[in-house]
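Peer 1:
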Amino acid sequence: MTKKILVVGAHSADFVWRAGGTIATITTQGGTATVVALSYGERGESGELWKELNQTVENVKHIRHDEASAAARILGADFRALDLGDYPLNITDPDLEHIVQIIREIQPDIILTHTPVDPFNPDHPVTCQAVQKARLLSSGAGVASAFNRINPPDLYFFEPHQPELCDFHPNTFVDITPVMDQKKKAMDCMKAQSYLQTYYTELASRRGNHAQRISGMQEVKFAEAMQRTLPWVVKSL
Ligand SMILES: [Zn+2]
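So this is what it looks like as structure tokens:
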């Protein structure tokens, strides 16, 4: 069954490290993926670019837009940037309404975003809170409402950089082995944070090992860990 996934990150590269394989898995199966970056991470997550003399915020945003667009293309995803600013990321009521409109327009089966807790980043929890609220505003209470509403999308948190300290409890592992080369190519687009590529390749391997032991599926070599937030509703166990 083909799926529609919406990935919302605080910064323009977040989707690549944490959900690149999950996105590519869905798009190679014929599904669709949309990535929304609330900011470019131009101030707080563009380390390599700020080593250059006379660097400007506008130039960094421009480069980050091109990098994220190229990475999204490799993963088969549509990339949208809202350019709300970072460090700090502030979400106004009109910004929240914009996110609600995007969710209503896309009608995703699945939404992925940050964990509610991240003691090392001021923007990731803000994004999570906005996405959770926007999801509820777009889907209502599961009954007819005074506004256009969509079926409630599943909500997952993708793995943060320091999972234990972000209260992250992985309960879903996505086998990304068949698309790991795509993820590596997408990560390679992110020149502003090239220091993360080795780290996230090793993490995918470690999570692959965990997934293999949990399931007995020997073919799983690389995985991404997710935290599902809602109960499953099934026709049968
Ligand atoms: Zn980020």
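Numbering-wise, numbering that gives the first Met the number 0 puts 83 at position 84 of the sequence shown, and it's gapless, one number per residue. From the three backbone atoms N, C-alpha and C, an ideal C-beta is built for every residue, glycine too.
How do the segment 157 to 168 and the segment 106 to 118 stand: do at least 3 beta-carbon pairs fall below 8 Å, yes or no?
Peer 2: yes
Peer 1: Could you pull out every residue in the same chain whose Cβ sits closer than 6 Å to the Cβ of P151, ignoring the five residues on either side in sequence?
Peer 2: Position 152 of the sequence shown, counting from 1, holds the residue named residue 151. Once the five neighbours on either side are set aside, the close Cβ partners of P151 are S138.
Peer 1: Taking the DSSP output, what are the residues bridged to M225?
Peer 2: Position 226 of the sequence shown, counted from the first residue, corresponds to residue 225. Looking at the DSSP output, M225 bridges to F157 and T171.
Peer 1: My assumption, with CB atoms under 8 Å, is that W16 sits in contact with M186. Please give the rounded CB distance.
Peer 2: By 1-based counting over the sequence shown, the position of residue 16 is 17. By 1-based counting over the sequence shown, the position of residue 186 is 187. Correct: roughly 7 Å between the Cβ atoms.
Peer 1: Figure out for me which residue from E223, S38 and S144 has the closest Cα to the Cα of P177.
Peer 2: Taking the sequence shown and counting its residues from 1, the one referred to as residue 177 is at position 178. Comparing Cα-Cα distances from P177 to each of E223, S38 and S144, the minimum goes to E223.
Peer 1: Would you call E57 buried or exposed, if buried means 16 or more other Cβ atoms sit within 10 Å of its Cβ?
Peer 2: For the purposes of this step, residue 57 is identified with residue 58 of the sequence shown, where counting begins at 1. Around the beta carbon of E57, fewer than 16 other beta carbons sit within 10 angstroms, so the residue counts as exposed.
Peer 1: What is the residue span of the alpha helix (DSSP H) that V56 lies within?
Peer 2: By one-based count along the sequence shown, residue 56 stands at place 57. First-last of the alpha helix (DSSP H) with V56: V56 to L74.
Peer 1: Between the Cα of R43 and the Cα atoms of H10, T26, G29 and G19, which residue gives the shortest distance?
Peer 2: In the sequence shown, residue 43 corresponds to position 44, counting from 1. In the sequence under discussion, the amino acid at residue 43 is Gly, which differs from the Arg named in the question. The option with the nearest alpha carbon to G43 is H10.
Peer 1: Which of helix, strand or coil does DSSP assign to R79?
Peer 2: Position 80 of the sequence shown holds residue 79. Strand, per DSSP.
Peer 1: Which same chain residues, not among the five before or five after T33, have their C-beta less than 6 Å away from its C-beta?
Peer 2: Numbered from 1 along the sequence shown, position 34 holds the residue referred to as residue 33. So the qualifying residues of the chain are L5, D77 and I105.
Peer 1: With a CB to CB cut of under 6 Å and the five nearest residues on each side skipped, what residues in its chain are close to H123?
Peer 2: Your numbering for residue 123 matches position 124 in the sequence shown. For H123, same chain residues with a beta-carbon under 6 Å away, outside a window of 5 residues either side, are A9, H113 and D117 in chain order.
Peer 1: Under the three-state reduction of DSSP, which class applies to I110: helix, strand or coil?
Peer 2: For the purposes of this step, residue 110 is taken as the residue at position 111 of the sequence shown. Three-state result, I110: strand.
Peer 1: For Q181 versus T27, is the C-beta spacing smaller than 9 Å?
Peer 2: As a position in the sequence shown, residue 181 is number 182, starting the count at 1. As a position in the sequence shown, residue 27 is number 28, starting the count at 1. Contact flag set, yes.
Peer 1: List the endpoints of the continuous beta strand (DSSP E) containing L190.
Peer 2: Indexing the sequence shown from 1 puts residue 190 at position 191. A small correction: the amino acid at residue 190 is Lys; Leu does not occupy that position in the sequence shown. Looking at the DSSP string, K190 is not in any beta strand (DSSP E), and its letter there is neither H nor E.
Peer 1: Would you mind stating whether R206 and N147 have Cβ atoms separated by less than 9 Å?
Peer 2: One-based indexing of the sequence shown puts residue 206 at position 207. One-based indexing of the sequence shown puts residue 147 at position 148. Cβ distance not < 9 Å, so R206 and N147 don't count as in contact.
Peer 1: Can you check which of these residues, G141, N89 and A145, is closest to C127 by C-alpha distance?
Peer 2: Within the sequence shown, residue 127 is the residue found at index 128, counting from 1. Checked all of G141, N89 and A145; the closest Cα to C127 is N89.
Peer 1: My output table needs one value for K3: the three-state DSSP class, helix, strand or coil.
Peer 2: Here residue 3 refers to the residue found at position 4 of the sequence shown. Three-state DSSP puts K3 in a strand.
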